[in-house]
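This report refers to the structure that appears directly beneath it.
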Amino acid sequence: MDKQNHIQWAILCTGWGRNAKDIIKALHKDNNSLASRINLLIYGQEPCGAAEEAKKHEIETLLVRRSDFPTMEAYQNHILLLLKKKSIDRVFLLNYKYRIREALLQGFPNRIYNVHPSLFPSFLGTKTAIQDALDYGVKITGITTHIIDHELDKGTILQQQAIKIKAGDTFETLYPKFAKKGKKIILRTMRDAEQEVRKPKK
């Protein structure tokens, strides 16, 4: 894959970052798993497991706290400047809790990816989708990766992975399934993005 077809990824993370940490570990365990690389991790709190893992692999990390900015717009405008300065192509939100605002959407049109712990269009607009599925009594839930747009938990679906809920499952027994399958679906989504940029332009 030649250099012009590489994707320079950034990860945005505001929590401890289990998904992000797992992805960083997976990519560096198998150097051929992706031709493109994660070049930047922007995180929002300490401690952050994803940041600790990124530093082990010499991925640049930047701590950007929302509380250091007067408004959400100022905070995300600063992130946009950092992403542009680092020549980032695409962004993956992994454990990022804020809604993406206009400036970032315009700066990276159709190039901001998210992972949500449900099968769209179920359990949208919630931060407790796994527990919501349990409370509702559904037998099948899952994970969706999608492109961010102006609407909350909407946008183009990229990948979906179903997860069965067994009798007696709790959040504690179900969450590890999401963690394991989440890593796989995120990697598939990144590989699909590579295939897309490799297609000849018409």
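Take full-length UniProt numbering: the final residue in the sequence shown is number 202, and no numbers are missing along the way.
Ideal Cβ positions, reconstructed from N, Cα and C, are used throughout, including at glycine.
What's the C-alpha gap between residue i and residue j?
i	j	result
K184	I157	16 Å
Q131	A167	14 Å
A193	D135	35 Å
C48	G15	7 Å
A50	K84	22 Å
C13	E52	12 Å
A26	P176	16 Å
E73	A103	8 Å
F108	Q45	24 Å
K55	K29	15 Å
K86	L80	10 Å
residue 255	Q195	Shown here, the chain extends from 1 to 202; a query on residue 255 therefore has no answer.
I165	V138	7 Å
R37	H146	20 Å
H150	P121	16 Å
E172	E58	33 Å
M190	P117	17 Å
Can you tell which of the options has the C-alpha that lies nearest to the C-alpha of residue i?
i	options	result
L119	K181, I100, G49, E102	K181
L82	K97, Y96, E60, N95	E60
T71	T128, K56, Y98	Y98
Q76	K86, V64, S87	V64
T170	M190, F69, A133	A133
I88	E58, I11, H116, H57	I11
Only counting the same chain, and skipping five residues up and downstream in sequence, which positions put a Cβ closer than 8 Å to that of residue i?
i	result
I148	L93, I100, L105, I112, Y113, N114, G155
L62	L40, L41, I42, Y43, L82
I163	I140, T141, G142, I143, L174, K177, F178, K181
H78	V64, F69
Ignore the nearest five residues each way along the sequence and tell me which others in residue i's own chain have a CB closer than 6 Å to its CB.
i	result
S67	none
R90	I7, W9, R111
G17	C48, G49, A50, N95
I23	I186
K21	G49, A50, E53
Q161	G142, I143, K181, I185
Could you name the residues of the same chain whose beta carbon sits closer than 7 Å to that of residue i, not counting the 5 residues immediately before and after it, in chain order?
i	result
R188	Q159
T126	D132
Length-filtered (3 minimum) beta strand (DSSP E) runs lying within the segment 84-113:
DSSP runs (the beta strand (DSSP E)) wholly in the segment 84-113: 90-93.
Quick check for students: name the residue ranges of the alpha helix (DSSP H) that lie wholly in the segment 118-181, counting only runs of 4 or more.
Listed in chain order, the alpha helix (DSSP H) elements of length 4 or more contained wholly in the segment 118-181 are 129-136.
Suppose only complete runs of 4+ residues qualify. What are the alpha helix (DSSP H) ranges in the segment 10-79, listed by chain order?
Complete alpha helix (DSSP H) runs here, min 4: 18-29, 49-56.
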